[in-house]
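Colleague: Pasting in a structure now, in structure tokens, and then I'll have a few things to ask.
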Ligand SMILES: Cc1ncc(C[n+]2csc(CCOP(=O)(O)OP(=O)(O)O)c2C)c(N)n1
Ligand SMILES: Cc1ncc(C[n+]2csc(CCOP(=O)(O)OP(=O)(O)O)c2C)c(N)n1
Ligand SMILES: [Mg+2]
Ligand SMILES: [Mg+2]
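Protein chains in written order, with our numbering: chain H, 747 to 1084; chain A, 747 to 1084; chain U, 54 to 386; chain V, 54 to 386.
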């Protein structure tokens, strides 16, 4: 399941690997273009499209006014008319402005029009806390998108996956929401990023590491935090299977069922608020399936507190699961349920 | 837990009981007003505010242009400035237009501003399928709201509850989303609607009926469908506890845990699409709690298909759980897991 | 499927053009009457938004378009759809939830699209189609296709944020798009007098740098002339235009409308401004078509609609199987 | 908490008024410099949006307001907040994540509100505060309070749907609200030349029936005069006004800005239009304040800010306990 490492051992940041994916796609085909606030000379608020306007010109890397609904709507229209727009929304919090075009238009058009048209649109947007940007710039809104039939939702946890998944998202004839954690933009992942244009298919969960004591299913940046815990606990003889669904819609449950059948213990971790949060889907799918019979412990859930993200660093840290929280939870399940 | 019936045995439709609640609140206090598209002489798209403008005048029952974001934003501002607006959004699908003001403003202001201000706002809006209005007029979007800390979310299943809950929502100093199923507007519930102004507190689940074989947790119109099933299966000797959370945020789990500890079997039912849907929260809370140990069967989930709501009646019916589906599921759990 | 026979051009430029314009207005009228009837007889489900009284605006605008030009439409979209050349049987079939319906029964009246005639879809969301048309115009510009996109929308839609953001994008990028506002005086019960503090809705353009023109929306000739000018402007790189076509809807907003917000007299007054007789009297004046010819055209429209209704009624119902597979377009290998 | 001492009125109407206007412009300037310094020294977290160069617009507008009048503000809101009379220590304390900060450390720079001075809150959402101000104006009208609400926002915000919908509501209901657009030529990297197809942004009002005026936003006197007229209009039931104050931000948009979208020359040019010397030269001209007095005012501003910084630095940090309880206001029994 996991991609083979590149021989060149290229360590890129996620901003770099995303840029590479867009550059490859735009070089491969003329119908792909990028549009968003400050994506041009500014390079995007997080530098993801840095230098791309120089390379592709103002007609293929299009700076827009501050009009999220208009931008996404225009991308939907362009997609219907044969283009493959990539839209960057500067912070995922502002998908709120564009929700009509995302949920009521893009997601529904193919089905609702009886298949006559389709919407090959990628909406890329940064999410998550940890930058001191407070409640309106730090949310994880993945649940909104996951609960709308007709959208595919990708939550990459590292540069290599981000590249391959974004290439698939751009190929996809359907609308894809691509949720990028801001804290990941600047850091290289653990794995090298392959050169070339290999795609990673949407809808395939990745088993990041294997162990027989506990299954952890984590999304986005929580995959990285869980990795640190798995590494640490391995030294104590607690062996963890860590699964990164990568796309939360569609959701590939197979490796999760398989692992839980072996470990009998499941810890799920997400950054977004727990109440009604996406990760509950994993719990529900396990609980309603025969895998349920293999569970030897109650399922443990770690998620963001049910509060808006606060500003001060000491408060912000408390609002979402940290490595220590995952460590405590993992150790407890394994120790308490033998 | 269940309200005592009114001696007068008044059977009202939900449209009537909601109107009564608003009328009581507006008579009790001057700061309450209603605002929305066509709420005046038209009486609202579903007739909920019929005649209210005649009674209270154009300044307290305010017709607006078609501008959902502006309307909700203006309500937020009026609430900050000391009023208690009730906003009607004509279809809950169009909360998409207003999500910034709902999720990024109303929900966060009290917390984010350090408690300096608060937003006593009620947003009433019809949801659900069954009227042949197709994908953009039939959604159940409760998950969006439930996953935003700072919003209270009410999903009434009958006229009597709707009245008492709406009165509490209007009293509440926080933003409350009040999701009304369109198919319930025209029908009286099973229980009489009390005269007077008694409130039903938000955050208290209602045990609609008691039985020791199976626990059903259902929301909104699914409570009514589940009732029919419980009634029918009782005749076959299958006794069901039916629980209506009434407010899905905050969610009162106590009666649910209590019942599952007794029955060992749990069926959850919602109309919205299953993937990432709210009802998973109930599954998660049971699965992570000691109640988990009492389960003798996998948890069964019934929910809407993961498709946009189709138009043709025969398709629309297939898209969401029907009484027969609930019946089959309930019988199976009880029969297969003894 | 019938072959698409559209005739572009000024409705008074020839007998053929006049015939075409009149035929299409009548088709729209007869179609709406048929829908009303189907609804009344309980054969149609859901709700309906009829455009009776507004036939000149859809027809006049579409007379200025090529087949490749694109439109986005609204909840009140039957007229736009027909005027752009859609197949009547597939339209009725959709309303009846049939397999051969434009959306296979999945969309209904508010979601008919037709790829062949450049109709990117009606929309249940007020204002929803406006940014989409702007996007189609952007695609046209990027692809150098030379087509124009027209967004039909109502007066009410002009107060949605979607209009604003879309209008500004079109203005700054000089896109080949036409904002065609059918001002029928009401958004549901909300009169333009109360919903606007300006008198000519085309003046909204002033704030974006978009020229606006207001025409008698019940005069197909006036509408056509404004449309033609806007199309020419758009196709020559001049950018967007707002056309306000002042008209009136005779029927209630939808099924549930009790018409409490307007007077019977007002409705009657507007029935006297019926766009079809108005065009006929121009035809008489210009001596373009004889009464016999005119009657024959009316009959043809009626026959076409009746044929469509009969075919559609006979057609097979849509079935729920396969719905899940219909959500996503298959990823090609 | 210091008592609020605001002096309403024309900045040239008396020595006191002139002093007040100058003091507040300087307070804003010194505040921003202090923030920049705290940030540079790693004492502040997150990001910052400085309004250096824009001091005259916030000050001029607020000189026309009563304490009970309300404002909504933006991500670049320190100036509005100070000009409306906020406590400097609590502001700095908020930026430093302290308990005594305006938001108890929960909001930071982008979310400061101050009930006592009628500041309904800065906003991290571009355009987010505009409908909120309209709502406050609606409340004022319903409650017959006689107050006006002012929404500060940037040029970029004018292209958001929120502006459009809010402006129209204000226009049709003739609400006592002022749309105060600080046109600093850029929304992040997006220049007004590219984001608008009109030259005067106040012309946006034409499409709503709202009068608009464009003033030199670096001249506190001009800003005040436009503000006073708009306030008078609003309070007498005349409805909303759009004021466009043309100005310039000297600093980058935020911490991450590399200023690639503009030239050094342009920035220099605008530094020569510094609103503070501009006002001082008017004061000299009018002989209202002596250089000694002016120097003393500058010193006072500096001292106040330094005092605030010192107090804030000393104050206790906000603690995570109690966060869950802070989400909802308690329902009173
Ligand atoms: C965003 C949105 N808000 C509200 C509605 C409900 N609605 C449907 S049509 C309509 C009136 C539309 O008025 P107008 O744009 O003038 O078009 P008309 O019906 O007059 O053709 C309303 C309020 C909707 N469908 N979408
Ligand atoms: C809805 C929304 N979109 C985008 C952003 C990101 N953003 C923050 S400030 C800004 C520029 C705002 O420009 P303008 O309104 O002119 O204000 P200025 O920064 O110039 O004061 C942008 C794009 C945001 N905060 N909110
Ligand atoms: Mg209308
Ligand atoms: Mg600006």
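C-beta: ideal position from N, C-alpha, C; glycine also.
For residue 784 of chain H, is the classification buried or exposed, using 16 other Cβ atoms within 10 angstroms of its Cβ as the cut-off for buried?
Modeller: By the neighbour-count rule (16 or more Cβ atoms within 10 Å), residue 784 of chain H is buried.
Colleague: Could you name the residues that DSSP lists as bridge partners for residue 875 of chain H?
Modeller: Per DSSP, none; premise fails for residue 875 of chain H.
Colleague: Is the closest heavy atom of ligand 1 to the C-beta of residue 111 of chain U under 6 Å?
Modeller: No, the beta carbon of residue 111 of chain U sits no closer than 6 Å to any heavy atom of ligand 1.
Colleague: Give a yes or no on whether 7 Å exceeds the smallest Cβ distance from residue 840 of chain H to chain U.
Modeller: With 7 Å as the cut-off, residue 840 of chain H does not count as an interface residue toward chain U.
Colleague: Just to make sure I have the definition right: I need the residues of chain U whose C-beta is within less than 8 Å of the C-beta of residue 195 of chain V. Which are they?
Modeller: By Cβ distance, chain U contributes nothing, its closest Cβ being about 17 Å from residue 195 of chain V, past 8 Å.
Colleague: In the segment 753-811 of chain H, which residue ranges form an unbroken beta strand (DSSP E) of at least 3 residues, counting only runs that do not cross its ends?
Modeller: With a minimum length of 3 residues, the continuous beta strand (DSSP E) runs that stay inside the segment 753-811 of chain H are 778-782, 807-809.
Colleague: Quick one: give me the first and last residue of the alpha helix (DSSP H) that residue 295 of chain V is part of.
Modeller: No alpha helix (DSSP H) contains residue 295 of chain V, which is instead part of the beta strand (DSSP E) from 294-299.
Colleague: Using the beta-carbon of each residue, which ones in chain U are nearer than 8 Å to residue 247 of chain V?
Modeller: What residue 247 of chain V touches in chain U: 225.
Colleague: Rounded to whole angstroms, how far is the Cβ of residue 387 of chain V from the Cβ of residue 216 of chain V, which I believe are closer than 8 Å?
Modeller: Shown here, chain V extends from 54 to 386; a query on residue 387 of chain V therefore has no answer.
Colleague: Can you tell me which residues fall inside 6 Å of ligand 4, judged by beta-carbon distance to its nearest heavy atom, and keep chain order?
Modeller: Selection output, chain order preserved: V:207, V:208, V:209, V:237, V:239, V:240.
Colleague: Quick one: any contact between the segment 809-823 of chain A and the segment 900-913 of chain A, if contact means 3 or more CB pairs under 8 Å?
Modeller: The segment 809-823 of chain A, when compared against the segment 900-913 of chain A, does not touch it at the 8 Å Cβ threshold.
Colleague: Among residues of its own chain, excluding the 5 on either side of residue 347 of chain U, which ones have a beta-carbon nearer than 8 Å to its beta-carbon?
Modeller: 75, 333, 336, listed in sequence order.
Colleague: Return yes when at least one heavy atom of ligand 1 lies under 6 Å from the C-beta of residue 840 of chain A, else no.
Modeller: Correct: residue 840 of chain A has its Cβ closer than 6 Å to ligand 1.
Colleague: Kindly indicate if chain A contains any beta-carbon less than 7 Å away from that of residue 92 of chain V.
Modeller: So no, residue 92 of chain V is outside the interface.
Colleague: What residues are listed by DSSP as bridge partners for residue 239 of chain V?
Modeller: Partner(s): V:244.
Colleague: With 7 Å set as the bound, which would you pick, yes or no: does the beta-carbon of residue 259 of chain U sit closer than that to a beta-carbon of chain V?
Modeller: Yes, contact with chain V.
Colleague: Can you give the beta carbon distance from residue 148 of chain V to residue 91 of chain V, rounded, assuming they're within the 8 Å contact cut?
Modeller: That belief holds up - the Cβ atoms of residue 148 of chain V and residue 91 of chain V are roughly 7 Å apart, short of 8 Å.
Colleague: For residue 836 of chain A, count the other beta carbons within 10 Å of its own beta carbon; 16 or more makes it buried, fewer makes it exposed. Which is it?
Modeller: Buried.
Colleague: Thinking C-beta only, is residue 971 of chain A closer than 7 Å to residue 1072 of chain A?
Modeller: Going by C-beta atoms, residue 1072 of chain A is nearer than 7 Å to residue 971 of chain A.
Colleague: Going straight from the alpha carbon of residue 1082 of chain A to that of residue 975 of chain A, what length do you get?
Modeller: Looking at the two C-alpha atoms, the distance is approximately 18 Å.
Colleague: Thinking just about the alpha-carbon of each residue, which of A:1065, A:987, A:953 is nearest to the one in residue 876 of chain A?
Modeller: Ranking A:1065, A:987, A:953 by Cα distance to residue 876 of chain A puts A:1065 first.
Colleague: Could you tell me if the beta carbon of residue 129 of chain V falls within a distance shorter than 6 Å of some heavy atom in ligand 2?
Modeller: Yes.
Colleague: Could one say the Cβ of residue 924 of chain A lies closer than 7 Å to chain H's Cβ atoms, at least one of them?
Modeller: For residue 924 of chain A, the answer is no, since every Cβ of chain H falls outside 7 Å of its Cβ.
Colleague: Is it a yes or a no for the segment 1031-1050 of chain A touching the segment 1039-1059 of chain H, going by three-plus beta-carbon pairs under 8 Å?
Modeller: Touching, per the Cβ criterion.
Colleague: Using CA atoms only, rank isn't needed, just tell me which of H:828, H:999, H:865, H:822 is closest to residue 383 of chain U.
Modeller: The residue with the shortest Cα to Cα distance from residue 383 of chain U is H:865.
Colleague: Please determine whether the Cβ atom of residue 836 of chain H lies at a distance below 6 Å from any heavy atom of ligand 2.
Modeller: Yes; taking the cut-off as 6 Å, the Cβ of residue 836 of chain H has a heavy atom of ligand 2 nearer than that.
Colleague: Can you tell me whether residue 961 of chain A is buried or exposed? The criterion is at least 16 other CB atoms within 10 Å of its CB, across all chains shown.
Modeller: Classification for residue 961 of chain A: buried.
Colleague: Closer than 8 Å by C-beta to residue 248 of chain U: which residues in its own chain qualify, once you throw out the five before and the five after it? Chain order, please.
Modeller: Closer than 8 Å at the Cβ level, and outside the excluded window around residue 248 of chain U, lie 208, 209, 212, 240.
Colleague: With a threshold of 7 Å between beta carbons, is residue 362 of chain V in contact with chain A?
Modeller: No, because no Cβ of chain A sits closer than 7 Å to the Cβ of residue 362 of chain V.
Colleague: Less than 8 Å between C-beta atoms, sequence neighbours within five positions excluded: which residues of the same chain meet that for residue 402 of chain V?
Modeller: This structure does not reach residue 402 of chain V, given that chain V is present from 54 up to 386, and the question cannot be answered.
Colleague: Buried or exposed for residue 750 of chain A, going by 16 or more other Cβ atoms inside 10 Å?
Modeller: For residue 750 of chain A, the pLDDT reaches just 47, beneath the cut-off of 50, and the residue's location in the model is therefore unreliable, although a value from the coordinates is still provided. Exposed, because fewer than 16 other Cβ atoms sit within 10 Å of the Cβ of residue 750 of chain A.
Colleague: Kindly provide the ranges of any alpha helix (DSSP H) runs that are 4 or more residues long and lie completely inside the segment 94-144 of chain V, ordered along the chain.
Modeller: With a minimum length of 4 residues, the continuous alpha helix (DSSP H) runs that stay inside the segment 94-144 of chain V are 108-115, 131-136.
Colleague: In the DSSP output, which residue or residues are listed as bridge partners for residue 202 of chain U?
Modeller: Residue 202 of chain U pairs with U:123, U:230.
Colleague: In its own chain, which residues sit with a C-beta less than 6 Å from the C-beta of residue 942 of chain A, not counting the 5 before and 5 after it?
Modeller: Cβ within range, chain order: n/a, list empty.
Colleague: Runs of 4 residues minimum, wholly inside the segment 1026-1063 of chain A: which ones carry the alpha helix (DSSP H) assignment?
Modeller: As far as the segment 1026-1063 of chain A is concerned, its whole alpha helix (DSSP H) runs of at least 4 residues are 1026-1033.
Colleague: Using a Cβ-Cβ cut-off of 7 Å (strictly less than) and excluding sequence neighbours within five positions of residue 914 of chain H, which residues of its own chain qualify?
Modeller: The residues are 945, 946, 947, 948.
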